[in-house]
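**Student:** Below you will find the structure I want to go over with you.
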Amino acid sequence: MRIRATVAAVSGALALSALAVPAAQADGSADHRADVAKVREAAHAHGKTAFTGNAPADLDVSFSNFKIASAIVVGTTNRVSTTVTYTMTHGADIDINSDDFDNGPIIYKGSIDAPDNVLGGDLPATCTATSSTTASCKGLIDIDPADELINSDAGTWSGAGLALTYSNDGSTVQGGLATTKLQRYSKLTVNASPEPVTKGKTITVTGLLSRANWDTGKYAGYTVQPVGLQFRTKSSSTYTSTLKTVKSDSTGNLKTTTTATADGYIRYNFAGTSTTPAVKATGDYVDVQ
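Read in the working numbering, the sequence shown has 1002 at position 132, and its numbers run on one by one without any break.
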């Protein structure tokens, strides 16, 4: 059963239905934030507070040992999934194999009490009992950038565990279990000219640093970012020297010059930021004569 489709069944107050609300694109970001706010207002109105880190839980379930990738890199179109493992502790009266019970990992941006966005998995986690009250669990976070992300979602997210029952509308969400970075996929190109070039002459090196734009579903230049220009000789497999650091311009383009000294490969190397992963261009071979 889809976790996303079933969370709306948790408490007639829609206490967890934020999981079923897709993030809007840039022109609808305010609507998305308003939808999340309405969900929380409905939850409070019925005495339910789904996103509360320290409040007593409806279900006798807690989560620990939550392990998730340190970073999740997402492009513009391809769905991305990342595995989460954790330990679930539960009351002896809870049958974790019952069709009435589901649990799974979620991640949220912002505070647990008022998340800007929440992402979960298409399916519940799979759990193996390790005792009468503990289980080892594995689940997925499934991300569709076209429907669920806007650019402001890039950055640090927090991990949480979700458990719910259907017959009595019981639920619990425990936040603050871990952190991960959601990053906008990056690309980097390089081109050195002229080729071939006379030793001692000037080489012009151009390139483009770009990253996923979740608002438009396309790639756009990453502006005013420091990028290293590196060189390795033809006989080496390692880039041993950084010739200089260049900043991308207002459209993400890179351009600089260097002196031709020996046959080898030139590339640009971007160290990355909290919202964008590091990336290295494929080296462009320069024939020095």
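Using N, Cα and C, we set each Cβ at its ideal position, and we do this for glycine too.
For residue 932, which option in 962, 1090, 941, 940 has the closest C-alpha, if you only look at C-alpha atoms?
**Tutor:** The residue labelled residue 932 in the question sits at position 62 within the sequence shown. When only C-alpha atoms are compared, the closest one is 962.
**Student:** Could you name the residues of the same chain whose beta carbon sits closer than 8 Å to that of residue 1068, not counting the 5 residues immediately before and after it, in chain order?
**Tutor:** Your numbering for residue 1068 matches position 198 in the sequence shown. So the qualifying residues of the chain are 1130, 1158, 1159.
**Student:** Looking at the structure shown, is residue 1080 part of a helix, part of a strand, or coil, going by DSSP?
**Tutor:** Translated into the one-based positions of the sequence shown, residue 1080 becomes position 210. Note: residue 1080 maps to strand in three-state DSSP.
**Student:** When burial is assigned at 16 or more other CB atoms within 10 Å of the CB, is residue 1096 buried or exposed?
**Tutor:** Here residue 1096 is taken as the residue at index 226 of the sequence shown, counted from 1. Looking at its Cβ environment, which holds fewer than 16 other Cβ atoms inside 10 Å, residue 1096 is exposed.
**Student:** Output the distance between the C-alpha atoms of residue 1156 and residue 1103, rounded to the nearest integer angstrom.
**Tutor:** Working through the sequence shown from its first residue, we reach residue 1156 at position 286. Working through the sequence shown from its first residue, we reach residue 1103 at position 233. Those two C-alpha atoms are separated by around 10 Å.
**Student:** When burial is assigned at 16 or more other CB atoms within 10 Å of the CB, is residue 1018 buried or exposed?
**Tutor:** Against the sequence shown, residue 1018 aligns to sequence position 148. The residue in question, residue 1018, is buried, as its Cβ has 16 or more Cβ neighbours within 10 Å.
**Student:** According to the Cβ coordinates, are residue 953 and residue 935 closer than 8 Å?
**Tutor:** Along the sequence shown, read from residue 1 onward, the residue named residue 953 stands at position 83. Along the sequence shown, read from residue 1 onward, the residue named residue 935 stands at position 65. Taking 8 Å as the Cβ cut-off, residue 953 and residue 935 do not qualify as a contacting pair.
**Student:** Run through DSSP, which three-state label would residue 967 get?
**Tutor:** Here residue 967 is taken as the residue at index 97 of the sequence shown, counted from 1. The answer is coil: DSSP assigns residue 967 none of H, G, I, E or B.
**Student:** Which residue from 1044, 951, 1027 puts its Cα closest to that of residue 992?
**Tutor:** In the sequence shown, residue 992 corresponds to position 122, counting from 1. Among 1044, 951, 1027, the Cα nearest to that of residue 992 is on 951.
**Student:** Applying the 10 Å Cβ sphere with the 16-neighbour rule, what's the burial state of residue 1117?
**Tutor:** Taking the first residue of the sequence shown as position 1, residue 1117 is located at position 247. That one is exposed.
**Student:** Determine the burial state of residue 967: buried for a count of at least 16 other Cβ atoms within 10 Å of its Cβ, exposed for fewer.
**Tutor:** To locate residue 967, count along the sequence shown from 1; it is residue 97. So residue 967 counts as exposed.
**Student:** Determine the DSSP secondary structure at residue 939, reduced to helix, strand or coil.
**Tutor:** Reading the sequence shown from its first residue, position 69 is the one you call residue 939. Note: residue 939 maps to coil in three-state DSSP.
**Student:** Can you tell which of 1058, 1027, 1054 has the C-alpha that lies nearest to the C-alpha of residue 1046?
**Tutor:** The residue you call residue 1046 lines up with position 176 of the sequence shown. It is 1027.
**Student:** Put residue 1022 into one of helix, strand or coil per three-state DSSP.
**Tutor:** Position 152 of the sequence shown, counted from the start, is the residue given in the question as residue 1022. Helix, per DSSP.
**Student:** Which residues does DSSP list as the beta-bridge partners of residue 1125?
**Tutor:** On the sequence shown, residue 1125 is found 255 positions in, with the first residue counted as 1. Bridge partners of residue 1125: 1076.
**Student:** Going by DSSP, what residue range makes up the beta strand (DSSP E) through residue 1144?
**Tutor:** The residue given as residue 1144 occupies position 274 in the sequence shown. Run containing residue 1144: none; DSSP gives neither H nor E here.
**Student:** Starting from residue 1064, trace the beta strand (DSSP E) both ways and give me its first and last residue.
**Tutor:** In the sequence shown, the residue the question calls residue 1064 occupies position 194. Counting along the chain, residue 1064 falls outside any beta strand (DSSP E), and DSSP gives it neither H nor E.
**Student:** Can a CB atom of chain E be found closer than 8 Å to the CB of residue 1144?
**Tutor:** Among the chains of the structure shown, chain E does not appear; only one protein chain is present.
**Student:** In chain order, what residues of the same chain lie with their CB nearer than 7 Å to the CB of residue 924, ignoring the 5 residues before and after it?
**Tutor:** What you label residue 924 is simply residue 54 of the sequence shown in a count that begins at 1. In this predicted model, residue 924 has a pLDDT of only 39, less than 50, meaning its place in the structure is not dependable enough to derive any value.
**Student:** CB residue 1060 to CB residue 1154, shorter than 8 Å?
**Tutor:** The residue given as residue 1060 occupies position 190 in the sequence shown. The residue given as residue 1154 occupies position 284 in the sequence shown. Yes; because the gap between Cβ atoms is below 8 Å, this pair is in contact.
**Student:** Could you please give me the residues that DSSP links to residue 1156 through a beta bridge?
**Tutor:** Position 286 of the sequence shown, counting from 1, holds the residue named residue 1156. The partner list for residue 1156 (beta bridge, DSSP) reads 1134.
**Student:** Determine the DSSP secondary structure at residue 1017, reduced to helix, strand or coil.
**Tutor:** Translated into positions along the sequence shown, residue 1017 becomes position 147. Helix, per DSSP.
**Student:** Starting from residue 949, trace the beta strand (DSSP E) both ways and give me its first and last residue.
**Tutor:** Here the question's residue 949 lines up with position 79 in the sequence shown. That residue, residue 949, is in no beta strand (DSSP E); it is neither H nor E in DSSP.
**Student:** So for residue 960, helix, strand or coil by DSSP?
**Tutor:** Your numbering for residue 960 matches position 90 in the sequence shown. If DSSP states are grouped into helix, strand and coil, residue 960 belongs with the strands.
**Student:** Taking the C-alpha atoms as reference points, what is the distance between residue 1016 and residue 978?
**Tutor:** Start at 1 with the first residue of the sequence shown, and residue 1016 comes out as number 146. Start at 1 with the first residue of the sequence shown, and residue 978 comes out as number 108. So the alpha carbons of these two residues sit roughly 18 Å apart.
**Student:** Taking residue 982 as the reference, give the member of 1048, 1090, 1014, 1148 with the closest Cα.
**Tutor:** One-based indexing of the sequence shown puts residue 982 at position 112. Residue 982 has its Cα closest to that of 1048, out of 1048, 1090, 1014, 1148.
**Student:** Which one or two residues does DSSP pair with residue 1071 in a beta bridge?
**Tutor:** Along the sequence shown, one-based indexing puts residue 1071 at 201. Looking at the DSSP assignment, residue 1071 forms no beta bridge with any residue, so it has no partner.
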